[in-house]
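Read the structure below first, then the notes.
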Amino acid sequence: MTPNLFFHYFFNVDPAHTGTGNMPAEYWWIDLIRIVVRVLVGLFAILLVVPPLVWWERRLLGFMQQRQGPNRVGPFGLLQTIADGVKLLLKEDMNPTNVDVVLFVLAPIVFLIPALVTSAVVPWGPSLTWGASAPNVSVGVLYLLAWGSLAVYGVVLAGWASNNKYSLLGGLRSSAQMISYELGMGLAIVTVVLLTGSLSMHDVVMQQGFSSLGLPEWNLLKFFPMGFVAMLIYAISMLAETNRAPFDLPEAETELVAGYHTEYTSMKFAIFFMAEYANMIVVSAICATLFFGGFHAPLLWLDGSFLGPLVGKSSPLLGGIVAALVPVIWLVAKILCGLYFFIWVRATMPRLRYDMLMRAGWLGVLPIALGNILMVAIAMALGYPAGLIAWLVVFGIAFVVFAGSKAANSFTTNSRRDTTVRLYGEAQPYRTVPEHSGHGAQTLPPNALSEAALAAAAQAPLDDAFAAKKG
Amino acid sequence: MGLWDNIKTLGQEAKAPLTGLGITQGYSNKERVTIEYPDVRRPMPRRARWRHVLNRYENGMEKCIGCSLCAGSCPANAILVVAAENTDENRRSPGERFAAQYEINMLRCIFCGYCEEACPTQAIQLKDICELADDNRKDLIYTKEMMIVPDPTKP
Ligand code: SF4
Ligand code: SF4
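Next comes the structure, spelled out in structure tokens:
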């Protein structure tokens, strides 16, 4: 076969992107080479993006906290994470005594692999041969969910194998958390499946095309507000699934040292670290694919399917390149937005308390997701207006019932403050606490001071109070 | 609390995360409060007590007269002064003697400033030179050559 023919079949340069149907069967080995190349490209793309992503996160966090962020190694500090990585690799790789060595070594790998494997079904372009490593898997969405659930094993195994109570707590937390939020995530994805009518990721993207006006028809905009709610639920669950702030309880530094990876050093720790960020990238890509139109542009006139043929009129080769690259650029842009959201939320939200996390998962995310699916089904069966009315009625009633209930009361009045007041009494202005009262408010009943003394102290200017105390 | 109050508060609760996101976004464009330290330095407080220097007079004479009062007053016993007589050919300080050897063990020094106070000629002073880290205990015994200020008469 001529090299020309090889490249023709290898890159599958047919404008319709119909897959390999027109390739003679005896050239199956071209397919094999292509699949290997495509898989390697996909894996390395994700792993190579991790260091810049870590740098970006640290830099952005720095900006949002009015710090400089890393900026000394290389231009803008870009090489900082490389330097950190080299440092990590050069550290001693040790297994603490009493760890379960096999599981201990296995855990980081078990954590990393699902992140990389799920990326296989994310389509990067309309081509059925080059768009994804595993293009057009007919059960793509199930595949995502299945591998996504396996990631939790890495964390739990790490926690268990470390033989350390902090690690174990981190692992337990993550298993409970991931399982709880997986439900919400799965239900949000089911919404997309309902809208698509197919489990293939390629169909999911193709179905989010453009309206006749050239405006996007993303899942997030469909059946407003149902698609949007599904997107929100997915976004929240995705934070929880990747153990990112404000759901980073499995590795809560302030409580659990470093959670499940407390005992890990060197390369094994690096793998955990890498897996977390690879997970972020993949999960953002999935979010973009499911709800933000995947590789489609926000407007028809910027999309590869419009620009490609346009350029192709003058030069078919250039047209092919444009048609192949423009979708990639759009998906990358959407992934970057997702990552920015991750970092932004991390800079903003404090970590949830564990019971709050569980309550939000089971009493917030799950019922809303369930109700939302039902309403999407109604909207699809009876038309959008009926669905919208049903949505407004159901969620309106639910909201009013909740707002009138005791639960909302405890939600809206700051319950932690109430508890504090019940235990310790209202906060006293500090200058009214007598000098020898030992532990202050704890041993002092709230009304131990006479009303008159309180009133006088409240009125006296601060300096006078000090003077009176000293004199 | 009534129903309407609850609804209002729930609305506020829902708005709170967005407000928070807005705040962090706003702060990311503000001026940084940290500086790039080794390149940019904030001035030390005027009376900062860090590493010692040994001063000179304008004519280049050393102020230290080797009296060992600093060593005597040092609570950490960090200073070693070995004095030598000034001769007419080799006059190093205005007094009778000068410090032939002057060492401060920075590992022992507690930066109390007593040496500075004890010194009759204000030869020793604690200045704002704060970068004292080293990776070797021996290098932290500062010698006279390391602490004495350059001679103003010699270029
Ligand atoms: S500062 Fe205090 S401890 Fe340090 S050398 Fe002077 S007297 Fe001794
Ligand atoms: S530094 Fe001052 S106190 Fe110490 S030996 Fe010299 S003159 Fe005396």
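Chains as they are written, first to last, in the UniProt record's numbering: chain C, 1 to 471; chain A, 1 to 155. For glycine and all other residues, C-beta sits at the position ideal for the given N, C-alpha and C.
Inter-residue Cα distance where the pair is residue i and residue j
i, j, result
"residue 508 (chain C)", "residue 246 (chain C)", "Given that chain C is displayed from residue 1 to residue 471, the structure contains no residue 508 (chain C) and the question cannot be resolved."
"residue 316 (chain C)", "residue 133 (chain C)", "25 Å"
"residue 57 (chain C)", "residue 343 (chain C)", "6 Å"
"residue 322 (chain C)", "residue 140 (chain C)", "27 Å"
"residue 105 (chain C)", "residue 276 (chain C)", "17 Å"
"residue 113 (chain C)", "residue 212 (chain C)", "41 Å"
"residue 108 (chain C)", "residue 293 (chain C)", "32 Å"
"residue 95 (chain A)", "residue 81 (chain A)", "15 Å"
"residue 219 (chain C)", "residue 254 (chain C)", "39 Å"
"residue 231 (chain C)", "residue 166 (chain C)", "34 Å"
"residue 6 (chain A)", "residue 144 (chain C)", "39 Å"
"residue 369 (chain C)", "residue 95 (chain C)", "43 Å"
"residue 55 (chain C)", "residue 81 (chain C)", "6 Å"
"residue 148 (chain C)", "residue 207 (chain C)", "24 Å"
"residue 67 (chain C)", "residue 216 (chain C)", "38 Å"
"residue 441 (chain C)", "residue 356 (chain C)", "Only weak support exists for where residue 441 (chain C) lies, its pLDDT of 44 falling under 50; the coordinates are left without a value."
"residue 46 (chain C)", "residue 37 (chain A)", "34 Å"
"residue 252 (chain C)", "residue 189 (chain C)", "28 Å"
"residue 21 (chain A)", "residue 348 (chain C)", "6 Å"
"residue 134 (chain A)", "residue 87 (chain A)", "37 Å"
"residue 14 (chain A)", "residue 49 (chain C)", "34 Å"
"residue 76 (chain A)", "residue 107 (chain A)", "10 Å"
"residue 176 (chain C)", "residue 237 (chain C)", "13 Å"
"residue 32 (chain A)", "residue 63 (chain C)", "7 Å"
"residue 27 (chain C)", "residue 6 (chain C)", "9 Å"
"residue 79 (chain C)", "residue 402 (chain C)", "51 Å"
"residue 146 (chain C)", "residue 361 (chain C)", "20 Å"
"residue 182 (chain C)", "residue 241 (chain C)", "7 Å"
"residue 136 (chain A)", "residue 148 (chain A)", "21 Å"
"residue 73 (chain A)", "residue 119 (chain A)", "9 Å"
"residue 163 (chain A)", "residue 352 (chain C)", "Chain A is shown only over 1 to 155; residue 163 (chain A) falls outside these bounds and no answer can be derived."
"residue 92 (chain A)", "residue 61 (chain A)", "6 Å"
Residue i beta carbon near ligand 1 (any heavy atom closer than 7 Å)
i, result
"residue 74 (chain A)", "yes"
"residue 78 (chain A)", "yes"
"residue 113 (chain A)", "yes"
"residue 106 (chain C)", "no"
"residue 126 (chain A)", "yes"
"residue 109 (chain A)", "yes"
"residue 104 (chain A)", "yes"
Reduced DSSP category for residue i - H, G, I as helix; E, B as strand; rest coil
i, result
"residue 33 (chain A)", "coil"
"residue 131 (chain A)", "coil"
"residue 216 (chain C)", "strand"
"residue 58 (chain C)", "helix"
"residue 202 (chain C)", "helix"
"residue 433 (chain C)", "At residue 433 (chain C) the pLDDT is 49, less than 50, meaning the model places this residue with poor confidence and gives no usable figure here."
"residue 132 (chain C)", "coil"
"residue 98 (chain A)", "strand"
"residue 44 (chain C)", "helix"
"residue 255 (chain C)", "helix"
"residue 85 (chain A)", "strand"
"residue 10 (chain A)", "helix"
"residue 336 (chain C)", "helix"
"residue 136 (chain A)", "coil"
"residue 103 (chain A)", "strand"
"residue 210 (chain C)", "strand"
"residue 234 (chain C)", "helix"
"residue 57 (chain A)", "coil"
"residue 79 (chain A)", "strand"
"residue 125 (chain A)", "strand"
"residue 117 (chain A)", "helix"
"residue 26 (chain C)", "helix"
"residue 141 (chain A)", "strand"
Any non-hydrogen atom of ligand 2 closer than 7 Å to residue i Cβ
i, result
"residue 79 (chain C)", "no"
"residue 120 (chain A)", "yes"
"residue 162 (chain C)", "no"
"residue 82 (chain A)", "no"
"residue 65 (chain A)", "yes"
Proximity test, Cβ basis, 8 Å: residue i and chain D
i, result
"residue 28 (chain A)", "The chain labelled as chain D is not found among the protein chains of the depicted structure, namely C and A."
Notebook entry, point to check: Which residue spans inside the segment 339-418 of chain C form an unbroken alpha helix (DSSP H) run of at least 4?
Noted result: 354-359, 366-382, 384-404, 406-412
Check: Which residues, in chain order, does the segment 30-44 of chain A contribute to contact with chain C at a C-beta distance below 7 Å?
Finding: 30, 32, 33, 34, 36
Check: Which of the residues in the segment 5-25 of chain A, read from start to end, lie with their CB under 8 Å from any CB of chain C?
Finding: Of all residues in the segment 5-25 of chain A, only 5, 6, 7, 9, 10, 13, 17, 20, 21, 23, 24, 25 come within less than 8 Å of chain C when Cβ atoms are compared, listed by chain position.
Note to self: At a CB distance below 7 Å, what residues from the segment 340-356 of chain C approach chain A? Give them in sequence order.
What the structure shows: 344, 347, 348, 349
Margin query: If the cut-off is 7 Å on Cβ atoms, which residues from the segment 66-78 of chain C count as contacting chain A, listed in chain order?
Written below: So the close ones are 66, 67, 68.
Next item on the list: Tell me the start and end of each unbroken alpha helix (DSSP H) in the segment 261-291 of chain C that is at least 4 residues and wholly inside, in chain order.
Entry: Within the segment 261-291 of chain C, the complete alpha helix (DSSP H) runs of at least 4 residues are 266-291.
Check: When you check each C-beta in the segment 235-258 of chain C against every C-beta of chain A, which residues fall closer than 7 Å?
Finding: Residues: none.
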